[in-house]
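Trainee: Mind having a look at this structure? Questions to follow.
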Amino acid sequence: MGYRTIGKQLGEKATTVGAIIRKWKKFKMTVNHPRSGAPCKISPCGASMIMRKVRDQPRTTRQDLVNDLKRAGTRISKKTISNTLCRHGLKSCSARKEWEKVMWSDETKIELFGLNSTAVFGGRRMSTNPRTPSQP
1 MGYRTIGKQL
11 GEKATTVGAI
21 IRKWKKFKMT
31 VNHPRSGAPC
41 KISPCGASMI
51 MRKVRDQPRT
61 TRQDLVNDLK
71 RAGTRISKKT
81 ISNTLCRHGL
91 KSCSARKEWE
101 KVMWSDETKI
111 ELFGLNSTAV
121 FGGRRMSTNP
131 RTPSQP
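Spelled out as structure tokens, the structure:
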């Protein structure tokens, strides 16, 4: 009896039947093995607490969240907080720029002192340094 006929009798695809038979031949069992990796350190209750705090106070830091969970009895790192927030659809972003300080393309910026201290007035080059005389 082939995989296709067994699959038709069970209502499964032939590839599924083949995978199950290969698993039986290799491990002598058909139940799923436990997955590799460390167990999650944050419980679903702790994850919902993190999400609630971030929703209520969007400007809270990861260190604040670590301290809150430490007080609750769970020791985790800031990276774990980031992974949990990312898993729930939130990601970090940089702060917005202050629009008063942004240099727009239609504005002119003139510095009298600093790196751009040499200015051109009327076609003549004039220095802002008092020790050097102006060039005629």
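With UniProt numbering applied, the sequence shown has no gaps in its numbers, which climb one by one up to 136 at the end. In this text, a Cβ means the ideal position worked out from N, Cα and C, and glycines have one as well.
Can you tell me whether DSSP reads Asp-106 as helix, strand or coil?
Mentor: Position 106 of the sequence shown, counted from the start, is the residue given in the question as residue 106. In the structure shown, Asp-106 sits in coil (DSSP, three-state: anything other than H, G, I, E or B).
Trainee: Measuring only the C-alpha atoms, how far is Arg-35 from Tyr-3?
Mentor: Within the sequence shown, the letter at position 35 stands for residue 35. Within the sequence shown, the letter at position 3 stands for residue 3. The straight-line gap from Cα to Cα measures roughly 27 angstroms.
Trainee: Taking all protein chains shown into account, decide if Val-54 is buried (16 or more other Cβ within 10 angstroms of its Cβ) or exposed.
Mentor: Position 54 of the sequence shown holds residue 54. Its Cβ being crowded by 16 or more others within 10 Å, Val-54 is buried.
Trainee: What's the C-alpha gap between Ser-48 and Thr-84?
Mentor: Here residue 48 corresponds to residue number 48 of the sequence shown, with the count starting at 1. Here residue 84 corresponds to residue number 84 of the sequence shown, with the count starting at 1. If you take the alpha carbons of Ser-48 and Thr-84, they lie about 10 angstroms apart.
Trainee: Can you give me the Cβ contacts of Lys-13 inside the same chain, cut-off strictly under 7 angstroms, excluding the 5 residues immediately before and after it?
Mentor: To locate residue 13, count along the sequence shown from 1; it is residue 13. So the qualifying residues of the chain are Gly-7.
Trainee: I'd like the list of long-range same chain contacts for Val-31, defined as Cβ closer than 6 angstroms, with 5 residues on each side in sequence excluded.
Mentor: As a working note, residue 31 is residue 31 in the sequence shown. Around Val-31: no qualifying Cβ.
Trainee: Would you call the CB atoms of Gly-46 and Thr-80 closer than 8 angstroms?
Mentor: Walking along the sequence shown from the start, residue 46 turns up at place 46. Walking along the sequence shown from the start, residue 80 turns up at place 80. Going by C-beta atoms, Gly-46 is not nearer than 8 angstroms to Thr-80.
Trainee: Which first and last residues belong to the alpha helix (DSSP H) in which Asn-83 is found?
Mentor: Mapped onto the sequence shown, residue 83 falls at position 83. Looking at the DSSP string, the run of the alpha helix (DSSP H) that includes Asn-83 is 78-87.
Trainee: Note down, in chain order, each residue of its chain lying with its Cβ closer than 8 angstroms to the Cβ of Gly-18, except the 5 sequence neighbours on either side.
Mentor: As a working mapping, residue 18 is identified with position 18 in the sequence shown. Hits under 8 angstroms: Tyr-3.
Trainee: Please classify Ile-50: is it buried, with 16 or more other beta-carbons within 10 angstroms of its beta-carbon, or exposed?
Mentor: To locate residue 50, count along the sequence shown from 1; it is residue 50. With 16 or more other Cβ atoms within 10 Å, it is buried.
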